[in-house]
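Colleague: Please find one structure pasted underneath; my questions will follow.
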């Protein structure tokens, strides 16, 4: 395992380590995206739950996920296992995460609506709990692999390539799996149960690959951890609350949280609303919908080299802000169109993914950079708590988006049992895919503009931090705006 000097001296990562870590992104993205693309649709159109109630189930589940983020992050930062802080938690998540992935899309025939509501709430909460135990240590581990400003972006580009491969699979495959099950004589319900089973197996495989590939890559010394005595015992909540409050006092953290919260609403609204747009408004077949999801993932991958090069040449913050602003404006403009041709939808997917691909690639890298700022200001390294705080904002935004989508569809009169929806329902579906997320995307860009941690300031910070670690004199010149 690494100590702090090993990390500082080995900024460049081998392709094997990058690839092994990136596989873990599939563990995250498979479950995450199957849920956000299809869970609301599954509840309304397969389980027969009204849209407003389905939105409430999603809100409860994702809100639980958000609330537990800081707790899991705090545990990850203060775990004192001889096997490390991150990887024991990652492997411990495999059983609950995979089992609940299967149960999440298994429709139980219940005559009592209240019992069905309770069932899906409980399974969804347990699903996000298992997911969380893996994903927060996984993201925190990324900050420990390298302390280099640009190498962190490159690591996230590798992870993003895997992520969008997983997005392609998680978005395009379910409808085809259901269609093939029906053609073989099964029901829609059986098809969705097959979806849960197949993706549960894929989650288990990718988790094991990442866990094995990252062996020996954690920071291990107690001085590096800055583990607080009793942090996981009697004074847990005091220690946990103090850590979150300290991090949130950092200006860069506050602005990044704001942008993450806002864009998470955009991302989840469009991701969850797209199936309704294609199914109800456009009348696409399962094959056509799967093709559009493949194009959506390819559109996201298309932007990755531009994001990486732009971040290297211009700076992460500028690329992040510009993509959110232009994508938000573009989404709002599409509200004027009724998507008469598939090519219009394809252009829409490229515009959306300019902001979305940039968000999922750069926000993690920007989050990692706050770790060194936190160490300089407080003397502590709390990658897990920082990752959890950002994940909390992202999940809170996603919970708001799913609940809001359900309420808007309910208000528009959407009924999953109808083959043809009303004109009002069609306008509601159009709204949750275009002008509403567009306006919120512009808000996300405003927060991104205020994020102060640029490349030059980070370089000045690292010079001062290295001197501080060695007990030598240092100056805050060049990064005063970060403090």
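Residue numbers (this note's numbering): 173 to 655. By construction, the Cβ of each residue, glycine as well, lies at the ideal position given by its N, Cα and C atoms.
#1: Under 9 Å, do residue 242 and residue 416 count as touching if we go by C-beta distance?
#2: Using 10 angstroms around the beta-carbon of residue 515, count the other beta-carbons present and answer buried if the total reaches 16, otherwise exposed.
#3: Which term fits residue 631, buried or exposed, when burial requires 16 or more other beta carbons within 10 angstroms of its beta carbon?
#4: For residue 214, which residues of its own chain have a beta-carbon under 7 Å away from its beta-carbon, when the five flanking residues on both sides are left out?
#5: Just to confirm, are residue 310 and residue 196 a CB contact at a threshold of 9 Å?
#6: CA-CA distance, residue 629 and residue 636?
#7: Pull up the CB-CB distance for residue 619 and residue 502, whole angstroms please, since I reckon it's below 8 Å.
#8: At what residue ranges does the segment 312-400 contain a whole run of the alpha helix (DSSP H), taking only runs of 4 or more?
#9: Between the segment 603-618 and the segment 243-258, do three or more beta carbon pairs fall short of 8 Å?
#10: Find the nearest neighbour of residue 385 within the set 194, 522, 598, judged by alpha-carbon distance.
#11: Which residues in the same chain have their Cβ closer than 7 Å to the Cβ of residue 523, if we skip the five residues on either side of it in sequence?
#12: For residue 208 and residue 474, what's the separation of their Cα atoms in angstroms?
#13: Could you give the uninterrupted runs of the beta strand (DSSP E) lying entirely in the segment 540-598, keeping only those of 3 residues or more?
#14: Rounded to the nearest angstrom, how far is the Cβ of residue 497 from that of residue 617, given a contact under 8 Å?
#15: Rounded to a whole number of angstroms, what is the C-alpha to C-alpha distance between residue 680 and residue 581?
#16: Going by CA-CA distance only, name the one from 355, 371, 493, 267 that's closest to residue 667.
#17: Exposed or buried, what is residue 440 when buried is set at 16 or more other beta-carbons lying within 10 Å of its beta-carbon?
#18: Any idea what DSSP makes of residue 221, helix, strand or coil?
#19: Using the Cα positions of residue 398 and residue 553, report the straight-line distance between them to the nearest angstrom.
#20: Taking 7 Å as the limit between beta carbons, can you name the residues of its chain near residue 491, skipping five residues before and five after?
#21: I'd like to know whether the C-beta atoms of residue 585 and residue 597 end up nearer to each other than 9 Å.
#22: Out of curiosity, what's the CA-to-CA distance linking residue 656 and residue 237?
#23: I'd like the list of long-range same chain contacts for residue 653, defined as Cβ closer than 6 Å, with 5 residues on each side in sequence excluded.
#24: If contacts are defined as beta-carbon pairs under 8 Å, then residue 205 and residue 338 qualify, I think. What distance do you get, rounded to the angstrom?
#25: Leaving out the 5 sequence neighbours to the left and right, which residues in its chain are closer than 6 Å to residue 507 when beta-carbon positions are compared?
#26: Below 8 Å on the Cβ atoms is my contact criterion, and I expect residue 372 with residue 465 to pass it. Report the Cβ-Cβ distance as a whole number of Å.
#27: Helix, strand or coil for residue 280 per DSSP?
#28: So, helix, strand or coil for residue 465, using DSSP?
#29: Residue 448 lies in the alpha helix (DSSP H); which residues open and close that run?
#30: Do residue 471 and residue 518 have their C-beta atoms within less than 9 Å of each other?
#31: Name the two residues that bound the continuous alpha helix (DSSP H) containing residue 507.
#32: Please work out which residues of its chain come closer than 6 Å, Cβ to Cβ, to residue 331, disregarding the five sequence neighbours upstream and downstream, and give them in chain order.
#33: Tell me the rounded alpha-carbon separation between residue 359 and residue 353.
#34: Please name the residue, chosen from 319, 269, 361, that lies closest to residue 297 on a Cα-to-Cα basis.
#35: Report the CB separation of residue 419 from residue 557 in whole angstroms; it is logged as a contact under 8 Å.
#36: On the three-state DSSP scale, how would you describe residue 258?
Modeller: Short version:
#1: Walking along the chain shown from the start, residue 242 turns up at place 70. Walking along the chain shown from the start, residue 416 turns up at place 244. Residue 416 sits close to residue 242, with the two beta carbons spaced by under 9 Å.
#2: Here residue 515 is taken as the residue at index 343 of the chain shown, counted from 1. By the neighbour-count rule (16 or more Cβ atoms within 10 Å), residue 515 is not buried but exposed.
#3: The sequence position of residue 631 within the chain shown is 459, counting from 1. It counts as exposed.
#4: As a first step, residue 214 must be located in the chain shown, where it is residue number 42. Only 277, 364 meet the Cβ criterion.
#5: Counting from one through the chain shown, the residue named residue 310 turns up at place 138. Counting from one through the chain shown, the residue named residue 196 turns up at place 24. Yes.
#6: The sequence position of residue 629 within the chain shown is 457, counting from 1. The sequence position of residue 636 within the chain shown is 464, counting from 1. Residue 629 and residue 636: Cα-Cα distance of roughly 11 Å.
#7: The residue given as residue 619 occupies position 447 in the chain shown. The residue given as residue 502 occupies position 330 in the chain shown. Rounded, the Cβ-Cβ distance is 19 Å, inconsistent with contact.
#8: Here the runs fully enclosed are 321-355, 360-385, 394-397.
#9: Judged by Cβ distances under 8 Å, the segment 603-618 makes no contact with the segment 243-258, as fewer than three pairs qualify.
#10: Here the question's residue 385 lines up with position 213 in the chain shown. Ranking 194, 522, 598 by Cα distance to residue 385 puts 194 first.
#11: Indexing the chain shown from 1 puts residue 523 at position 351. Exclusion of the five residues before and after residue 523 leaves 499, 502, 503 as the residues of its chain whose Cβ lies within less than 7 Å of its Cβ.
#12: Residue numbering aside, residue 208 sits at position 36 when the chain shown is read from its first letter. Residue numbering aside, residue 474 sits at position 302 when the chain shown is read from its first letter. Taken atom to atom, the span from the alpha-carbon of residue 208 to that of residue 474 is near 22 Å.
#13: Correct list: empty.
#14: Indexing the chain shown from 1 puts residue 497 at position 325. Indexing the chain shown from 1 puts residue 617 at position 445. Their Cβ separation, rounded to whole angstroms, is 4 Å, which keeps residue 497 and residue 617 in contact under 8 Å.
#15: As displayed, the chain neither begins before 173 nor continues past 655, which places residue 680 out of reach and without an answer.
#16: Here the chain has residues from 173 to 655 only, and residue 667 is not among them.
#17: Here residue 440 corresponds to residue number 268 of the chain shown, with the count starting at 1. Answer is buried; the Cβ neighbour count reaches 16.
#18: Here residue 221 refers to the residue found at position 49 when the chain shown is read from its first residue. In the displayed model, residue 221 falls within coil according to three-state DSSP, outside both helix and strand.
#19: Your numbering for residue 398 matches position 226 in the chain shown. Your numbering for residue 553 matches position 381 in the chain shown. Bear in mind that a pLDDT of 49 at residue 398, under 50, signals an unreliable position, so the number given afterwards is only what the model happens to contain. Taken atom to atom, the span from the alpha-carbon of residue 398 to that of residue 553 is near 7 Å.
#20: Looking up residue 491 in the chain shown gives position 319. Around residue 491: 479, 482, 483, 530, 534.
#21: Taking the chain shown and counting its residues from 1, the one referred to as residue 585 is at position 413. Taking the chain shown and counting its residues from 1, the one referred to as residue 597 is at position 425. Yes, Cβ-Cβ distance for residue 585 and residue 597 is below 9 Å.
#22: Nothing can be reported for residue 656, as the shown portion of the chain is limited to 173 through 655.
#23: Reading the chain shown from its first residue, position 481 is the one you call residue 653. If we look at residue 653 and ignore the five residues flanking it on each side, its Cβ neighbours are 624.
#24: Counting from one through the chain shown, the residue named residue 205 turns up at place 33. Counting from one through the chain shown, the residue named residue 338 turns up at place 166. The pair is a contact, with the Cβ atoms about 7 Å apart (cut-off 8 Å).
#25: Here residue 507 refers to the residue found at position 335 of the chain shown. Only 606, 607 meet the Cβ criterion.
#26: As a working note, residue 372 is residue 200 in the chain shown. As a working note, residue 465 is residue 293 in the chain shown. About 20 Å; that fails the 8 Å criterion.
#27: Working through the chain shown from its first residue, we reach residue 280 at position 108. Coil.
#28: In the chain shown, residue 465 corresponds to position 293, counting from 1. If DSSP states are grouped into helix, strand and coil, residue 465 belongs with the helices.
#29: By one-based count along the chain shown, residue 448 stands at place 276. Note, residue 448: alpha helix (DSSP H), 423-448.
#30: As a working note, residue 471 is residue 299 in the chain shown. As a working note, residue 518 is residue 346 in the chain shown. Yes, these two residues count as a Cβ contact at 9 Å.
#31: The count along the chain shown starts at 1 and reaches residue 507 at position 335. Segment: none, residue 507 is in no alpha helix (DSSP H) and carries neither H nor E.
#32: By one-based count along the chain shown, residue 331 stands at place 159. Cβ-Cβ distances below 6 Å link residue 331 to 194, 197 in the same chain, with the five nearest sequence neighbours on each side left out; the list follows chain order.
#33: Sequence index remark: in the chain shown, residue 359 carries index 187 (1-based). Sequence index remark: in the chain shown, residue 353 carries index 181 (1-based). Taking the straight line joining both Cα atoms gives about 7 Å.
#34: Counted from its first residue, the chain shown places residue 297 at position 125. The candidate whose alpha carbon is nearest that of residue 297 is 269.
#35: Taking the chain shown and counting its residues from 1, the one referred to as residue 419 is at position 247. Taking the chain shown and counting its residues from 1, the one referred to as residue 557 is at position 385. With a beta-carbon spacing of about 6 Å, residue 419 and residue 557 fall inside the 8 Å limit used to define contacts.
#36: Position 86 of the chain shown holds residue 258. Coil, per DSSP.
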